[in-house]
Amino acid sequence: MIFSQHRNKSQLITFTALLFILFILLAGCQEQPEETAVSIPTSSANPPTDIAEAANSEAAEETRPYLNPTLAPAERAADLLNQMTLAEKIGQMTLVEKNSIIEENITELAIGALLSGGGGYPADNNPAAWLEMVNGYQAYALETRLAIPLLYGVDAVHGHSNVEGAVLFPHNIALGATRNANLVQEIGRVTALETAATGIFWNYAPTITVPQDIRWGRTYEGYSENTELVTELGQAYLIGLQGDDLTAVDSIIGTAKHFLGDGGTTWGTSTTDDYQIDQGDTQVNEATLRAVHLPPYIAAIDAGARSVMISFSSWNGTKMHEQQYLITDVLKGELGFTGFVVSDWAGIDQVDSNYYEAVVAAINAGIDMNMVPGKYTIFIDALTAAVENGDVPQARIDDAVRRILTVKFELGLFERPFADESLLQTVGSDAHRELARQAVRESLVLLHHDGATLPIDRGTAVIFVAGEGADDIGIQSGGWSIEWQGREGNITPGTTILEGIENTISANTQLNYNRFGNFERITDDSGNPLMADVGIVVVGERPYAEGQGDSNNLTLTEPELNAIERIRARSQKLVVIVLSGRPIIITELLPTADALVAAWLPGTEGSGITDVLFGDYEFTGKLSYTWPRSMDQLPFDFANLPTEGCAAPLFPFGYGLTTSESSSLPDC
Ligand code: GLC
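This note's numbering numbers the first residue of the sequence shown as 160 and each following residue consecutively.
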């Protein structure tokens, strides 16, 4: 270092003093930290001293720039960041599950975000109780030194689907069959309204996965196997969800998930629990990864995505949660994503058995916020140690916090940390239910038809109905409905298929329902077994979510096959309705059915099905997933898919009849 000779005395003194300070600072940075075990505090009752000290030293400030709403979010974030202690910064990077949080810790540790996982409802599960719960947590956040509002997140993946009384829309597989981007955008808008009404301004949706193997338990969360369709509908949903003005009381931020390649994993590669394909390994080259799975993210970023969630899965053996190339170089660099990246549920834990090393790898890879979700003090201590040890650069922390704060300013959270309570009355409104009913109608795919059975005349004399799914809101809603895995039964207000039939038929129609298809005791005036003019049987899958739905046996159960056989014997015409989160094996069923409808997972508005069955609306749905003839055909090789003969799928992508069309039975 060459210094000019002409410096005068005072400058020399100053210069010497500066050198001394510089030496102290450098000495502090260069000391080689001994390996520090992550200390696990027995309690976080005593907040980190630097927050307390900072609070004491803080003189009453005139309005700081970060509190000035006329300034740009990035400017406000920069000002706020400059005032924050390391503890406050790491608090912003910590996303805690609400059942794990000690409320006082929100204030003491400056926690920046909370979530309700699937089923994370308050004791009384109703919209007002949700609002009260979220407001309660927010109040603790506003008690912090800098009063940075909490961001509360939830999986409102088919409507605000954890909340009793909210409208549950058809799952994404059904929306894919509608091919209606405008409808999907409107569903995003209504979902934002019902979610914001409860004080929640962050939705972990849309899932823009491109499922390539329908044995995956998350197939139904995807719009389609087709990249272009996922790209179009995922973008439409996000635009609807975020609205024209993120600061509006009914706008919330979406989350493009799960980055990257969550739907391309190989069967048998999962290392999580007894999962088979969920959270597995996506074994494709980069060109394929980019061609199949990346376009939906490009479109989501173009549409203003403000958060991206990282996938549990791996790419060619490396966990996505430590994929620095894809997260930092591609997502943030090449694609220019300026929002924040959030881990999935304890996804960082899967990176390395040594939690300290896992935290270092994941945060350095570009993850900005850790969905911990429970052991938050351990995470905070690990990341604090990592920064102090120099294993995670301060600049990485600042980049993460700057991104998080910028989004909070963009959302207007500092000006409006609480919901507009007038929105509460819109949750579950008739208008919202009508939109969901339209989505159900447009999602139905007529797979097989004799050309005459449908539409059913509402004046039909005798109708029999069978199947457990015919009168069960829980079954017709599927996973991510009130509970994480969903649940059979009357889980939330809505209309079952049976109720839809009851509301449609004429007063003179005799309707008999038996979930097992037992109609022995139904006789005519002469005491002979009564034959139904039309039988309707509802079969399919029971609710599941994530890897618990991984299955290599997508066939109907014995009880369901028996119910079909029984009602077949007592019906002139038989309509089969399949409720499922993916195509299932129904090849052998076709000769028995006069009509067969894929109804997917329609949610709370079952009347959408009867609207079409009884002819008020035509079938318009088209398959967004290829339908297999047998399990042997899976996984499909989409690049080389036969189009005819027994090697061809049962029904191709894009297939769907109208009631004026008929289909022949398959040869094999
Ligand atoms: C889950 C899912 C993710 C969801 C998150 C929070 O494990 O993978 O899609 O958003 O946890 O519930």
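We treat Cβ as the ideally placed atom computed from N, Cα and C, and that holds for glycine.
- By the Cβ rule, the segment 588 to 600 counts as touching the segment 326 to 333, because three or more pairs are nearer than 8 angstroms.
- In the DSSP assignment, residue 669 falls within the beta strand (DSSP E) that extends over 669 to 673.
- Between residue 689 and residue 677, the alpha-carbon positions lie close to 12 angstroms from each other.
- Distance check between residue 755 and each of 604, 490, 415 and 804 places 604 closest, using alpha-carbon atoms only.
- The alpha carbon of residue 808 has as its nearest neighbour, out of 819, 817 and 793, the alpha carbon of 793.
- Per DSSP, the beta-bridge partners of residue 695 are 624 and 734.
- Relative to the ligand GLC, residue 471 has its C-beta within less than 7 angstroms of a heavy atom.
- For residue 532, the CB contacts under 8 angstroms within the same chain, skipping 5 residues up- and downstream, are 254, 255, 256, 259, 274, 276, 504 and 505 in chain order.
- Rounded to the nearest whole angstrom, the C-alpha separation of residue 300 and residue 306 is 6 angstroms.
- Comparing alpha-carbon positions, the option among 563, 478, 225 and 641 lying closest to residue 252 turns out to be 563.
- Residue range 766 to 772 is occupied by the alpha helix (DSSP H) that includes residue 771.
- Distance check between residue 445 and each of 485, 319 and 461 places 485 closest, using alpha-carbon atoms only.
- Excluding residues up to 5 positions away in sequence, 365, 367, 393, 397, 455, 456, 459, 460, 464, 466, 467 and 468 lie with their Cβ nearer than 8 angstroms to the Cβ of residue 415 in the same chain.
- Along the length of the segment 535 to 568, whole alpha helix (DSSP H) runs at least 4 residues long occupy 535 to 547, reported in chain order.
- At least one heavy atom of the ligand GLC falls within 7 angstroms of the beta-carbon of residue 504.
- Taking the C-beta atoms as reference points, residue 666 is found no nearer than 8 angstroms to residue 621.
- Taking all protein chains shown into account, residue 730 has 16 or more neighbouring C-beta atoms within 10 Å of its C-beta and is therefore buried.
- Between the alpha carbons of residue 280 and residue 321 lies a distance of about 7 angstroms.
- Within the chosen limit of 7 angstroms, the ligand GLC reaches the beta carbon of residue 363 through at least one heavy atom.
- With contacts defined by Cβ atoms closer than 8 angstroms, residue 417 and residue 496 do not form a contacting pair.
- For residue 417, the secondary structure class from DSSP, reduced to helix, strand or coil, is strand.
- The criterion of a C-beta distance shorter than 8 angstroms is satisfied by residue 427 and residue 435.
- Rounded to whole angstroms, the Cβ separation of residue 660 and residue 624 is 6 angstroms, and the two are in contact under 8 angstroms.
- Under the DSSP assignment, residue 384 falls outside any alpha helix (DSSP H); it carries neither an H nor an E label.
- Shortest gap from the CB of residue 397 to any heavy atom of the ligand GLC: 7 angstroms or more.
- Two segments are said to touch when three or more pairs of C-beta atoms, one from each, lie closer than 8 angstroms; by this definition the segment 627 to 638 touches the segment 738 to 745.
- By alpha-carbon distance to residue 816, the top candidate from 725, 802, 555 and 782 is 782.
- Your pair residue 314 and residue 759 does not check out as a contact, with CB atoms roughly 18 angstroms apart and the cut at 8 angstroms.
- Our two residues, residue 798 and residue 447, have alpha carbons roughly 11 angstroms apart in a direct line.
- Classified as exposed, residue 512 has fewer than 16 neighbouring CB atoms from the shown chains inside 10 Å of its CB.
- Counting other Cβ atoms within 10 Å of its Cβ, residue 224 stays below 16 and is therefore classed as exposed.
- Taking the Cα of residue 361 as reference, the smallest distance to any Cα among 401, 391 and 777 is reached at 401.
- Short note on residue 468: C-beta closer than 7 angstroms to some heavy atom of the ligand GLC.
- With a minimum length of 4 residues, the unbroken runs of alpha helix (DSSP H) contained wholly in the segment 327 to 358 fall at 331 to 337 and 340 to 355.
- Beyond the five residues adjoining it in sequence on each side, residue 668 comes within less than 8 angstroms, by CB distance, of 617, 618, 619, 620, 621 and 622 in the same chain, given in chain order.
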